[in-house]
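Residue numbers (this note's numbering): 5 to 428. Quick reminder that beta carbons are idealized off the backbone N, C-alpha and C, glycines included. Predicted model, so just to flag it, every value in this text is computed and none were measured.
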RNA sequence: GGAGGCGUCGCCUAGUACGGUCUAUGGCGCCCGCCUGCUAAGCGGGUUUGGGGUUACAGCCCCAUCGCGGGUUCAAAUCCCGCCGCCUCCGCCA
């Protein structure tokens with residue numbers, strides 16, 4: 005949720021943002037009207053209530069006829085107050101409902117347009133020339149099966165399509181990536197957290213995942229709990245309803261959790277292997293900071309993502325995602341796309357969003373600066389999405405014989421092994 | 001799952017049997033000032049949060065807020081109902 009005052013102080017900014025996203029401006033008009041109604045209704049209620057309080061205080065000391073008169077008047081007032089409160093509650097709820105539908109205000113400089121209108125900010129590293137090396141690259145599934153690292157068939161048998169087992173070297177590879185990622189994050193000053201993967205509706209709603217993304221979320225109706233699609237949800241809700249110490253900002257957390265996604269809108273897309281699955285594990289960075297620091301913190305998270313990808317010796321691109329593809333919460337989003345040899349193109353491996361005050365307002369997280377209490381910004385960024393990273397490692401570091409070279413940084417976590425070799 | 005206890009403005013706490021001067025007490029902490037070689041102590045004042053009004057600012061005013069949501073009443077921290085969380089004990093279980 006954005007700062008409601010922005011509607012009155014700078015409605016044009018809100019309209020500009022909506023246009024950049026390709027969203028309707030009608031919502032802004034509705035909001036302005038609802039805001040006016042809400043404010044009028046609240047002020048009516050407050051006036052009546054003040055009068056009721058004033059008269060009510062006289063009752064205990066009054067006697068006889070005076071008391072009877074007061075009681076009659078306060079009784080009548082009470083009915084008016086109740087009616088005014090109902091009107092005011094309704095208007096406030098209507099305004100709130102509309103406010104929650106309004107996406108975050110996009111930052112200036114974000115490319116206008118939809119999914120394909122991103123800007124490539126930089127390209128790092130060079131994709132390998134497999135033709136020059138004299139062999140055709142295999143895709144991650146073929147490599148993974150031959151290594152005994154990925155078992156899709158049993159994944160489907162046990163859990164259905166888009167499920168998998170990581171086995172033997174596959175399982176060890178995830179654990180190595182986890183150790184490597186956590187070691188880096190801790191060195192960068194992040195506090196490691198293992199958060200719950202099931203959360204209450206308020207956490208899901210507060211992070212903005214019950215909006216446009218709702219069809220992608222698993223819900224357990226028996227308990228009214230949601231399976232998180234990213235540990236961002238629990239890390240954002242971690243400080244819900246709290247007033248943080250402004251001097252302690254920025255707070256940096258790194259979470260590791262399973263992520264569950266229904267992938268409802270993606271039938272037939274990326275069906276081979278573990279590229280798009282219903283469950284994967286992810287190491288996620290999460291930052292709380294002062295609103296004015298969020299662009300700087302965003303760059304910081306992007307820098308860590310680049311560092312991590314580079315440490316695994318992968319060629320990649322950095323994308324400035326277009327406004328129409330930002331999702332409800334983000335004011336800006338940078339994606340890192342790694343080179344995927346089997347598809348001869350770059351595919352998403354990390355994503356970092358600056359959510360400014362959008363999530364913290366919904367979740368009631370604020371910070372105290374001296375004697376002022378103000379909003380905080382939240383940011384999130386992928387450090388290591390296991391399945392995507394395993395895909396990238398297998399494909400980019402494969403060798404002609406089907407073995408996979410391990411980047412030096414992972415070897416200490418894999419008993420010094422420098423390559424994974426096929427078992428069949 | 002069963003039984004009981006608890007939830008007050010940063011922390012601790014008074015208030016809840018009996019509804020109204022509760023405009024929520026006191027302590028700690030914190031902030032400002034005074035005093036004082038320095039520090040400590042002492043003295044005085046301030047200190048929930050949100051929304052709104054007014055103002056050059058300080059400030060002042062109104063409404064809401066005693067875990068959350070309903071209800072009773074002219075009036076609810078206080079009475080009633082539901083929910084949530086924490087603690088203790090019992091049962092069951094990875």
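| Asked | Found |
| --- | --- |
| So, is residue 271 buried or exposed, given that buried needs 16 or more other C-beta atoms within 10 angstroms? | exposed |
| Please state whether DSSP places residue 278 in a helix, a strand or coil. | coil |
| Taking buried to mean at least 16 other C-beta atoms within 10 Å of its own C-beta, is residue 205 buried or exposed? | exposed |
| If you count every other CB in all the chains shown that lies within 10 Å of the CB of residue 203, and 16 or more means buried, which is it? | buried |
| Relative to the C-alpha of residue 340, which candidate in 294, 318, 186 and 332 has its C-alpha closest? | 318 |
| Taking just the CA atoms, how far does residue 289 sit from residue 277? | 26 Å |
| Classify residue 14 as helix, strand or coil using the three-state DSSP reduction. | coil |
| Just reading off the beta strand (DSSP E) that residue 429 is part of, what are its end residues? | Within the shown structure, residues of the chain are numbered from 5 to 428, placing residue 429 beyond reach of any answer. |
| Please give the ranges of any beta strand (DSSP E) in the region 181 to 259, keeping only runs that are unbroken, at least 3 residues long and fully inside the region. | 195 to 197, 222 to 224, 229 to 231 and 247 to 249 |
| Are three or more beta carbon pairs between the region 97 to 113 and the region 326 to 336 nearer than 8 Å? | yes |
| Going by beta-carbon coordinates alone, are residue 292 and residue 386 separated by less than 9 Å? | no |
| Count the C-beta pairs between the region 127 to 139 and the region 30 to 42 that are closer than 8 Å, then say yes if the count reaches three, no if not. | no |
| Considering residue 379, what are the terminal residues of the beta strand (DSSP E) in which it resides? | 376 to 379 |
| Please tell me whether residue 322 and residue 85 are closer than 9 Å, where the distance is taken between their beta carbons. | no |
| Give the straight-line distance between the Cα atoms of residue 405 and residue 146, rounded to the nearest whole angstrom. | 12 Å |
| Using CA coordinates, which residue listed in 98, 78 and 419 is at the minimum distance from residue 52? | 78 |
| Quick check: the Cα distance between residue 2 and residue 196, rounded to an integer number of angstroms? | In the structure as shown, the chain starts at 5 and stops at 428, and residue 2 therefore has no counterpart that could be examined. |
| So which of 330, 344 and 348 has the shortest CA-CA distance to residue 360? | 330 |
| Short of 8 Å in beta carbon distance, which residues of its chain neighbour residue 122, apart from the five on each side in sequence? Order them along the chain. | 115, 323, 324, 325, 326, 329 and 339 |
| For the putative contact between residue 4 and residue 399, defined by C-beta atoms under 8 Å, what is the C-beta separation to the nearest angstrom? | Outside the shown range of the chain, which is 5 to 428, sits residue 4, and nothing can be said about it. |
| Closer than 8 Å is the cut-off here; do at least three beta carbon pairs connect the region 255 to 265 with the region 228 to 238? | yes |
| Along the chain, where does the beta strand (DSSP E) containing residue 290 start, and where does it finish? | 283 to 293 |
| What residues match up with residue 169 in a beta bridge as DSSP calls it? | 155 |
| Which residue wins for smallest C-alpha separation from residue 257, given the options 311, 299 and 193? | 193 |
| Out of 296, 100, 190 and 46, which has the shortest C-alpha to C-alpha gap to residue 11? | 100 |
| Note the first and the last residue of the continuous alpha helix (DSSP H) segment covering residue 300. | 298 to 315 |
| For residue 408, write down the residues that DSSP places opposite it in a beta bridge. | 402 and 424 |
| Could you please give the first and the last residue of the uninterrupted beta strand (DSSP E) stretch that includes residue 112? | Here residue 112 belongs to no beta strand (DSSP E), and DSSP marks it neither H nor E. |
| Would residue 307 be called buried (16 or more neighbouring beta carbons within 10 Å of its own) or exposed? | exposed |
| Let's test the definition: count the other Cβ atoms within 10 Å of the Cβ of residue 47 and tell me whether it reaches 16, buried, or not, exposed. | exposed |
| Under 9 Å between the Cβ atoms of residue 207 and residue 251? | no |
| Is the beta carbon of residue 1 sitting closer than 9 Å to the one on residue 5? | Past the edges of the chain, shown from 5 to 428, lies residue 1, and the structure says nothing about it. |
| Of all the options 302, 75 and 221, which has the alpha carbon lying nearest to the alpha carbon of residue 111? | 302 |
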